[in-house]
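Notes for the one structure printed next.
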Amino acid sequence: MKQVKFWTPTIIWMTLIFFFSSKQSVRVSEIYFLQFLFFKTLHLIEYAILFILFYWSLKNTTNDVDWKNRANAIIFSIVYAFTDEIHQVFVSSREGRLRDV
Numbered sequence: 065m066k067q068v069k070f071w072t073p074t075i076i077w078m079t080l081i082f083f084f085s086s087k088q089s090v091r092v093s094e095i096y097f098l099q100f101l102f103f104k105t106l107h108l109i110e111y112a113i114l115f116i117l118f119y120w121s122l123k124n125t126t127n128d129v130d131w132k133n134r135a136n137a138i139i140f141s142i143v144y145a146f147t148d149e150i151h152q153v154f155v156s157s158r159e160g161r162l163r164d165v
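With the numbering used here applied, the sequence shown corresponds to residues 65 to 165, in that order.
Pasting the structure below:
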């Protein structure tokens with residue numbers, strides 16, 4: 065039961081990322097650079113939060129040394145970002161691009 069408590073926030077965050085990736089893209093600015101900057105910042109923040117949550121889950125549910133938990137959290141976040149881009153290929157008005165990872 066302890067494991068569920070520590071993994072629930074991570075699973076919820078992953079679900080939110082998936083949900084919002086399923087939505088049609090929005091335009092926040094007519095200026096390409098501002099739009100680009102906004103979405104790159106958003107991507108960075110959402111995956112930084114995923115890294116923190118995944119690291120926290122691992123730290124509290126495994127006996128691995130800290131550097132392994134950090135490495136696993138980084139790898140997991142990158143893999144999830146990659147799969148999210150693949151998912152966006154199948155969403156109308158979205159594009160899955162490797163440069164977004």
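Cβ coordinates follow ideal geometry from the N, Cα and C atoms, glycine included.
Three-state class that DSSP yields for residue i in the structure shown
i    : result
E149 : helix
F154 : coil
Cut-off 6 Å between Cβ atoms - residues of its own chain near residue i, not counting five sequence neighbours on either side
i    : result
S85  : D148, H151, Q152
T125 : Q67, F70
N- and C-terminal bounds of the alpha helix (DSSP H) containing residue i
i    : result
N124 : 96-125
V129 : No alpha helix (DSSP H) contains V129, which DSSP labels as neither H nor E.
S85  : 66-85
Neighbourhood of residue i by C-beta, 7 Å cutoff - its chain only, sequence neighbours within 5 removed
i    : result
S121 : F70, W71, T74
S141 : Y111, L114, F115, F118
I95  : none
W77  : I113, L114, L117
Residue of the options minimising C-alpha distance to residue i
i   : options                : result
L80 : K123, I138, R134, Y111 : Y111
Short CB-CB distance (under 7 Å) between residue i and chain C
i   : result
Q99 : Looking at the structure shown, chain C is missing, and only one protein chain is on hand.
Own chain residues within Cβ distance below 8 Å of residue i, not counting five before or after
i    : result
D130 : K123
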